[in-house]
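Q:
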Amino acid sequence: MSRAALLVLADGRFPAGGHAHSGGAEAAVKAGRISGAASLEEFCRGRLHTAGLVAAGLSAAAALGIDPVALDRAADARTPSPALRVAARKLGRQLLRAARATWPSAELDALGREFPRGAHQPVVLGLAARAAGLGPVDAAYCAAYESVSGPASATVRLLSLDPFDATRALAGLAPDVDRVADRAVEAARKVVDEGVDALPAGSAPLLEIGAEVHAGWPVRLFAS
């Protein structure tokens, strides 16, 4: 295993399409829930412990070799918002393209055949980590970090927030990312014996509602 592969997979410049999505930050900014660095950190903390934990658990399970079809169904069940399900599959399709080009893998090829319109992004992320020779801990960290780095980057554009302030907010979340990754991996290991119901199912109603509202905007800077 080359741990350096994690740096490639988690790099914001990896061509997986994440730059076009705000992780709910655009809707939160318009609603006044994000107005600066402090509220950005609180928004990201809430997202990390709900949607981020769910994504990290799915990714860790996929990296362990759990059936991706079962995991994709579990992801659907944990994503009530149709707009978020569409966004997750679009991101999954783009990530799969990038991953197959970077780390050719029979498992990634099979996933592409099974889900020609895209599997949920966290599931693809876990299989990409597996193809790169990484483990469930790496996949969980990558998913957890993505759940907060996307909104932070988007807020820099949306509010002209000082990038130093946004980065400081991310750094302040580091202990939370550790805890979420640990919880995600612990749950993923239980899936082997208990099935996908062992995975986290944290709810974030404001993210779901915001996604549906955002999808109906005639003009928006981000896709989700």
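Under the numbering used here, think of the first position of the sequence shown as 1, with each following residue one higher.
Glycine residues also receive a C-beta, built at the ideal position from the N, C-alpha and C atoms.
If you drop the 5 nearest sequence neighbours on each side, which residues of the same chain put their C-beta closer than 7 Å to that of S203?
A: The answer, listed in chain order, is T50.
Q: Go through its chain and collect everything with a Cβ distance to V196's Cβ below 8 Å, but skip five positions before and after it.
A: For V196, where only same-chain residues beyond five positions count, the Cβ hits under 8 Å are A61, I66, A70, L71, R73, A74.
Q: With DSSP collapsed to three states, give me the class of R130.
A: It is helical.
Q: Give the secondary structure of D109 by DSSP, where H, G and I count as helix, E and B as strand, and everything else as coil.
A: DSSP places D109 in helix when its eight states are reduced to three.
Q: Give me the Cα-Cα distance between R157 and E194, rounded to the nearest whole angstrom.
A: Going by the C-alpha atoms only, they are around 43 Å apart.
Q: Just the Cα atoms here: how many angstroms apart are L58 and P15?
A: Those two C-alpha atoms are separated by around 21 Å.
Q: With V54 and A201 assumed to form a contact (beta carbons below 8 Å), what rounded beta-carbon distance in angstroms separates them?
A: Sure, about 7 Å apart at Cβ, within 8 Å.
Q: Look up H21 in the DSSP assignment and say whether it is helix, strand or coil.
A: Coil, per DSSP.
Q: What's the gap between the Cα of P68 and the Cα of H120?
A: So the two alpha carbons sit approximately 10 Å from each other.
Q: Given a cut-off of 9 Å on the beta-carbon distance, is the pair G52 and H214 in contact?
A: Not closer than 9 Å, so no.
Q: Measure the CB-CB distance between A169 and A152 and report whether it falls below 9 Å.
A: Yes; because the gap between Cβ atoms is below 9 Å, this pair is in contact.
Q: Is DSSP giving I209 helix, strand or coil here?
A: Here I209 sits in helix by DSSP.
Q: Is DSSP giving R157 helix, strand or coil here?
A: Looking at R157 - three-state DSSP - the assignment turns out to be helix.
Q: Put T50 into one of helix, strand or coil per three-state DSSP.
A: It is helical.
Q: Taking only three categories from DSSP, how would you classify R73?
A: Helix at R73.
Q: I need the boundaries of the alpha helix (DSSP H) containing D176, first residue and last residue.
A: Residues 174-194.
Q: From A83, A37, A184, pick the residue whose C-alpha is nearest to that of P163; which is it?
A: For P163, the nearest C-alpha among the options comes from A37.
Q: Taking all protein chains shown into account, decide if E114 is buried (16 or more other Cβ within 10 angstroms of its Cβ) or exposed.
A: Exposed, since its Cβ has fewer than 16 Cβ neighbours within 10 Å.
Q: Using the rule of at least 16 other Cβ atoms within 10 Å of the residue's Cβ for burial, across every protein chain shown, is S81 buried or exposed?
A: Per the 10 Å Cβ criterion, buried.
Q: Between which residues of its own chain and R100 is the CB-CB distance below 6 Å, once the five residues before and five after are set aside?
A: Excluding positions up to five away in sequence, the list reads L108.
Q: Between the beta-carbon of S22 and the beta-carbon of A166, is there less than 9 Å?
A: Taking 9 Å as the Cβ cut-off, S22 and A166 do not qualify as a contacting pair.
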